[in-house]
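Written out below as structure tokens is the structure these notes cover.
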Amino acid sequence: MFISSVPHVSKFVPNPMRNPEPVKITAPELEVIRLLDLEDLTQEKAAEKMKTSRGTVWRLCKSARKKIAQALIEGRPLLVLPKGIE
């Protein structure tokens, strides 16, 4: 799976923090969010860029959005795992 860049930020911490247990998001999950939500690509185009299937993009997106929502709603840190540590 191809990821265009390494995330420059490794952690987001809410203020106030209600739960110190971090929610962990992987580099591929973050890449899918970048492609779909920032670049406004379709799942098909994102899959082409990442050299994977549309189904994989859909699963990564679903997982990433749930993790981001969990971190925001529960006041938990969001930890971005570097590529290769999934």
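Take the sequence shown: its position 77, counted from the start at 1, is 74 in the working numbering, and no numbers get skipped. Glycine is no exception: its CB is placed at the ideal position from the N, C-alpha and C atoms.
Would you kindly report the start and end of the unbroken alpha helix (DSSP H) that includes residue i?
i   : result
K63 : R51 to E71
L27 : A24 to I30
Kindly indicate which three-state DSSP category residue i falls into: helix, strand or coil?
i   : result
S46 : Correcting the residue identity first, residue 46 is Lys in this sequence and not Ser. Helix.
L33 : helix
List the endpoints of the continuous beta strand (DSSP E) containing residue i.
i   : result
V77 : L75 to V77
Leaving aside the five residues before and after residue i along the sequence, list all residues of the same chain whose C-beta is less than 6 Å from its C-beta, in chain order.
i   : result
E41 : R51
I65 : none
Using C-beta distances below 8 Å, list every residue in its chain close to residue i, excluding the 5 sequence neighbours before and after it, in chain order.
i  : result
K8 : P19, P74, L75, L76 and V77
Cβ pair count under 8 Å reaching 3, the stretch 5 to 18 against the stretch 37 to 55: Taking 8 Å as the limit for Cβ pairs, the verdict is that the stretch 37 to 55 does not touch the stretch 5 to 18.
The stretch 54 to 67 contacting the stretch -1 to 8, beta-carbon criterion three pairs below 8 Å: Counting Cβ pairs under 8 Å, fewer than three are found: no touch.
Inter-stretch contact (C-beta, 8 Å, three-pair minimum) for the stretch 61 to 76 and the stretch 16 to 29: By the criterion of at least three beta-carbon pairs nearer than 8 Å, the stretch 61 to 76 is in contact with the stretch 16 to 29.
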